[in-house]
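Undergrad: Protein chains in written order, with this note's numbering: chain A, 9 to 304; chain B, 9 to 304.
Here a beta-carbon is modelled for each residue, glycine too, at the ideal position from N, C-alpha and C.
1. Which residue's Cα is closest to the Cα of residue 122(B): 154(B), 94(B), 142(B)?
2. Closest Cβ-Cβ distance between residue 277(A) and chain B: below 8 angstroms?
3. Going by the CB atoms, is the gap between residue 212(B) and residue 165(B) shorter than 8 angstroms?
4. Quick check: residue 144(A) and residue 57(A), are their CB atoms within less than 8 angstroms of each other?
5. Using CA coordinates, which residue listed in 247(A), 251(A), 172(A), 95(A) is at the minimum distance from residue 263(A)?
6. At the 8 angstroms Cβ level, is residue 179(B) part of the contact set with chain A, yes or no?
7. Please return the same chain residues whose Cβ sits closer than 6 angstroms to the Cβ of residue 149(B), not counting the five positions on each side in sequence.
8. By Cβ distance, which residues of its chain are closer than 7 angstroms to residue 134(A), with the 5 residues on each side in sequence left out?
9. Select from the stretch 211–226 of chain B all residues with a C-beta closer than 8 angstroms to any C-beta belonging to chain A, and list them in chain order.
10. Establish whether the CB of residue 200(B) and some CB of chain A are separated by less than 8 angstroms.
11. State the DSSP-derived secondary structure class of residue 235(A), mapped to helix, strand or coil.
12. Quick check: residue 195(B) and residue 221(B), are their CB atoms within less than 8 angstroms of each other?
13. Would you mind stating whether residue 237(A) and residue 281(A) have Cβ atoms separated by less than 8 angstroms?
14. Determine, for residue 274(B), whether the minimum Cβ-Cβ distance to residues of chain A falls below 8 angstroms.
15. Using the beta-carbon of each residue, which ones in chain A are nearer than 8 angstroms to residue 171(B)?
16. Can you find the residues in the same chain that come closer than 7 angstroms, C-beta to C-beta, to residue 147(A), ignoring five residues on each side of it along the sequence?
17. I need the DSSP call for residue 41(A), collapsed to helix, strand or coil.
18. Residue 126(A) to residue 156(A), Cα distance in whole Å?
19. Do the CB positions of residue 17(B) and residue 152(B) come within less than 8 angstroms of each other?
20. Please compile the residues from chain B whose C-beta is within a distance smaller than 7 angstroms of the C-beta of residue 270(A).
21. What does residue 242(A) reach in chain B if we use C-beta pairs closer than 8 angstroms?
22. Where do the ends of the beta strand (DSSP E) carrying residue 164(A) lie?
23. With three or more beta-carbon pairs closer than 8 angstroms as the criterion, would you say the stretch 185–194 of chain A touches the stretch 188–208 of chain B?
24. With distances taken from CA atoms, which of 111(B), 22(B), 49(B) is nearest residue 61(B)?
25. Work out the CA separation of residue 93(B) and residue 117(B) for me, nearest whole Å.
26. Specify, as a first and last residue, the run of the beta strand (DSSP E) that residue 138(B) falls within.
27. When you compare the CB positions of residue 19(A) and residue 158(A), do they come within less than 8 angstroms of one another, or not?
28. Spatial neighbours of residue 202(A) within its chain, please: CB distance less than 6 angstroms, with the 5 preceding and 5 following residues excluded, ordered by chain position.
29. Whose CA, out of 51(A), 72(A), 243(A), lies closest to the CA of residue 197(A)?
30. Residue 2(A) by DSSP, collapsed to three states: which one?
31. Using beta carbons (cut-off 8 angstroms, strictly below), is residue 208(A) in contact with chain B?
32. Is residue 310(B) helix, strand or coil when you go by DSSP?
33. Measuring alpha carbon to alpha carbon, tell me which of 169(A), 265(A), 235(A) ends up nearest residue 10(A).
34. Start and end of the beta strand (DSSP E) containing residue 245(B)?
35. Under the three-state reduction of DSSP, which class applies to residue 265(A): helix, strand or coil?
36. Taking 8 angstroms as the cut-off, decide whether the C-beta atoms of residue 79(A) and residue 65(A) are in contact.
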């Protein structure tokens with residue numbers, strides 16, 4: 009979609025092991041650590057500020073009740089009280105009039121971490137998914153996702169692939185995402201899990217997609233489907249394959265290492281902006297304090 | 009130095025945890041796993057082939073006896089029997105006439121893994137170091153290093169820096185290396201330890217240095233101080249900062265995240281060549297078998 013009215017906030021996951029070790033003991037610490045500044049920014053960007061209706065979508069998670077609870081507490085600490093949890097577990101629930109009605113009334117949705125394949129296999133093509141796309145296109149509506157929730161928000165989505173073997177042909181598994189933004193492919197827990205190979209591979213396989221590697225505790229606010237602003241305390245690695253000169257990806261067998269000539273990499277941190285259409289990084293000014301959300 | 013007659017073989021470490029967990033139990037497996045093909049190639053490139061005199065320099069290691077023993081066994085399996093171990097532990101030993109004499113008679117030296125700061129602090133500026141440089145410049149002499157031994161071979165050497173915090177100003181620690189090659193900076197265990205940040209940081213701080221990230225089980229054979237050939241089974245990431253447009257590295261405080269616009273990245277695998285002077289990757293042909301050294 010071109011020039012959506014909505015805003016997209018994608019977050020690289022918590023500083024802890026995030027989506028894949030959702031032990032209840034770690035959960036509170038996770039959220040405290042990483043999302044306060046970013047959650048604050050989400051409410052600032054939302055149509056009705058602190059009064060906005062926020063739905064936490066815990067579908068990706070294995071422990072949805074605990075995760076939902078923590079988000080409610082965290083938003084409450086920011087004075088945001090109109091928050092619900094939508095634990096949609098099956099496709100039929102993603103078509104139910106009750107859930108559609110709740111989405112209609114929401115100003116913000118927040119997709120939690122977990123498994124991004126759950127998000128796409130449960131929501132893909134449902135009435136809920138179509139309404140999300142419509143609201144994002146025509147309303148001042150905020151879609152936010154962390155970890156799996158971030159990975160699923162683009163049109164092409166990485167859902168598996170070891171860091172070690174990422175540059176062996178066929179190792180990085182990609183499928184269709186929820187498509188809130190096109191021409192990007194998003195990876196999370198990025199620096200921490202050594203995932204550069206997954207992103208290089210994804211970009212080489214189709215350079216129309218800008219690779220976005222979100223560090224933990226770090227996110228992008230995307231406005232107009234084009235203007236990206238780095239938020240949070242960490243780093244974002246961007247991979248631009250537009251000027252790729254050569255790869256042997258089509259020549260080697262499955263499981264063999266691939267070669268790639270000339271990908272461009274940018275490193276973004278808080279306050280920097282990136283223009284997706286023109287592929288230009290605008291580095292911001294001096295950056296203290298680390299988290300601007302906390303100033304407000 | 010320009011157009012040295014010697015050859016340099018730098019290796020990214022073993023597929024195991026390599027330099028930092030040198031448990032004797034893992035050692036044999038390590039070498040079996042990763043270095044057979046590369047060791048074979050070293051002997052092929054050496055002045056006298058299988059009859060070459062090889063000195064294993066175990067100075068970087070905490071368990072030099074065990075490491076030396078394993079290399080001797082591995083070379084023996086390849087039919088290379090004229091192999092010694094030089095466990096130089098102090099600067100005075102790096103100036104002793106006996107050790108200088110042994111180096112004079114060597115066709116190949118192999119620096120093992122361990123701590124690269126041990127290599128530079130013990131060898132730097134000694135008679136042994138000067139003779140290494142001289143032999144490398146004027147003789148058909150092979151200098152090889154794995155892990156710490158590879159890291160130490162360039163003029164600027166990374167010796168510390170967490171993967172997580174690598175793009176915070178001041179986090180990546182660099183000092184002078186042994187200087188067998190200039191205008192590169194080498195990192196090892198690369199994909200496996202998520203070290204892309206260290207290399208991006210190093211290149212941004214001085215783009216004259218090409219960043220070389222060697223995966224485990226992977227190396228570069230460098231001839232003429234310029235022509236690089238990928239060897240081994242894994243991947244090499246190259247970072248070229250020549251066309252960097254902008255960084256805020258000089259503006260932010262120590263410990264703050266930095267931003268970088270426009271670094272170029274290449275992915276190399278076996279059989280690819282890279283021209284250091286012209287910064288061009290030449291992707292090789294179809295690549296079976298994985299390890300050409302084993303064919304010979």
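TA: Taking the structure as given:
1. As a first step, residue 122(B) must be located in the second chain, where it is residue number 114. Considering only 154(B), 94(B), 142(B), the residue with the shortest C-alpha distance to residue 122(B) is 154(B).
2. As a first step, residue 277(A) must be located in the first chain, where it is residue number 269. It does; some Cβ of chain B falls within 8 angstroms.
3. Here residue 165(B) is taken as the residue at index 157 of the second chain, counted from 1. Here residue 212(B) is taken as the residue at index 204 of the second chain, counted from 1. Contact flag unset, no.
4. Position 136 of the first chain, counting from 1, holds the residue named residue 144(A). Position 49 of the first chain, counting from 1, holds the residue named residue 57(A). Cβ distance not < 8 angstroms, so residue 144(A) and residue 57(A) don't count as in contact.
5. Walking along the first chain from the start, residue 263(A) turns up at place 255. Answer by Cα proximity: 172(A).
6. For this step, residue 179(B) is matched to residue 171 along the second chain. For residue 179(B), no CB of chain A lies under 8 angstroms from its own CB, so it is not counted at the interface with that chain.
7. Your numbering for residue 149(B) matches position 141 in the second chain. Excluding residues within five positions, the ones whose Cβ falls inside 6 angstroms are 14, 143.
8. Taking the first residue of the first chain as position 1, residue 134(A) is located at position 126. Hits under 7 angstroms: 99, 102, 103.
9. Within the stretch 211–226 of chain B, contact with chain A at the beta-carbon level (separation under 8 angstroms) is assigned to 212.
10. Here residue 200(B) refers to the residue found at position 192 of the second chain. With 8 angstroms as the cut-off, residue 200(B) counts as an interface residue toward chain A.
11. For the purposes of this step, residue 235(A) is taken as the residue at position 227 of the first chain. Residue 235(A) falls in the strand class under three-state DSSP.
12. The residue given as residue 195(B) occupies position 187 in the second chain. The residue given as residue 221(B) occupies position 213 in the second chain. The Cβ atoms of residue 195(B) and residue 221(B) lie closer than 8 angstroms to each other.
13. On the first chain, residue 237(A) is found 229 positions in, with the first residue counted as 1. On the first chain, residue 281(A) is found 273 positions in, with the first residue counted as 1. Here residue 237(A) is near residue 281(A), since their CB atoms are less than 8 angstroms apart.
14. Along the second chain, read from residue 1 onward, the residue named residue 274(B) stands at position 266. For residue 274(B), at least one C-beta of chain A is nearer than 8 angstroms to its own C-beta.
15. As a working note, residue 171(B) is residue 163 in the second chain. Using a Cβ-Cβ cut-off of 8 angstroms, residue 171(B) is close to 199, 200, 202 of chain A, given in chain order.
16. Residue 147(A) sits at position 139 when you count from the first residue of the first chain. Around residue 147(A), the same chain offers 13, 14 as residues with beta carbons nearer than 7 angstroms, after the five sequence neighbours per side are excluded.
17. Position 33 of the first chain, counted from the start, is the residue given in the question as residue 41(A). Unreliable positioning characterises residue 41(A) in this predicted model, as indicated by a pLDDT of 46, which lies under 50. The coordinate reading is nonetheless provided below. Looking at residue 41(A) - three-state DSSP - the assignment turns out to be helix.
18. Taking the first chain and counting its residues from 1, the one referred to as residue 126(A) is at position 118. Taking the first chain and counting its residues from 1, the one referred to as residue 156(A) is at position 148. Inter-residue distance for residue 126(A) and residue 156(A) is about 9 angstroms (C-alpha atoms, whole angstroms).
19. One-based indexing of the second chain puts residue 17(B) at position 9. One-based indexing of the second chain puts residue 152(B) at position 144. Contact: yes.
20. In the first chain, the residue the question calls residue 270(A) occupies position 262. What residue 270(A) touches in chain B: 272, 274.
21. Reading the first chain from its first residue, position 234 is the one you call residue 242(A). Ordered by position in chain B, the residues that pass the 8 angstroms Cβ test against residue 242(A) are 265.
22. Position 156 of the first chain, counted from the first residue, corresponds to residue 164(A). Per DSSP, residue 164(A) belongs to the beta strand (DSSP E) from 164–168.
23. In short, these stretches do not touch, since the Cβ pair count stays below three.
24. One-based indexing of the second chain puts residue 61(B) at position 53. Put simply, of 111(B), 22(B), 49(B) the residue whose alpha carbon is nearest the alpha carbon of residue 61(B) is 111(B).
25. Walking along the second chain from the start, residue 117(B) turns up at place 109. Walking along the second chain from the start, residue 93(B) turns up at place 85. Looking at the two C-alpha atoms, the distance is approximately 10 angstroms.
26. Taking the second chain and counting its residues from 1, the one referred to as residue 138(B) is at position 130. That residue, residue 138(B), is in no beta strand (DSSP E); its alpha helix (DSSP H) goes 135–146.
27. Working through the first chain from its first residue, we reach residue 19(A) at position 11. Working through the first chain from its first residue, we reach residue 158(A) at position 150. When the beta-carbon positions are compared, residue 19(A) and residue 158(A) come within less than 8 angstroms of each other.
28. Working through the first chain from its first residue, we reach residue 202(A) at position 194. Closer than 6 angstroms at Cβ, skipping near neighbours: 171.
29. On the first chain, position 189 is the one that residue 197(A) refers to. Among 51(A), 72(A), 243(A), the Cα nearest to that of residue 197(A) is on 243(A).
30. Residue 2(A) cannot be examined here, being either before or after the span of chain A that is shown, 9 to 304.
31. Position 200 of the first chain, counted from the start, is the residue given in the question as residue 208(A). Interface annotation, residue 208(A): in contact with chain B, CB-CB separation under 8 angstroms.
32. Given that chain B is displayed from residue 9 to residue 304, the structure contains no residue 310(B) and the question cannot be resolved.
33. Counting from 1 along the first chain, the entry for residue 10(A) is found at position 2. Comparing Cα-Cα distances from residue 10(A) to each of 169(A), 265(A), 235(A), the minimum goes to 235(A).
34. Residue numbering aside, residue 245(B) sits at position 237 when the second chain is read from its first letter. Residues 244–248.
35. Position 257 of the first chain holds residue 265(A). Here residue 265(A) sits in strand by DSSP.
36. For the purposes of this step, residue 79(A) is identified with residue 71 of the first chain, where counting begins at 1. For the purposes of this step, residue 65(A) is identified with residue 57 of the first chain, where counting begins at 1. In this structure, residue 65(A) does not lie closer than 8 angstroms to residue 79(A) by Cβ.
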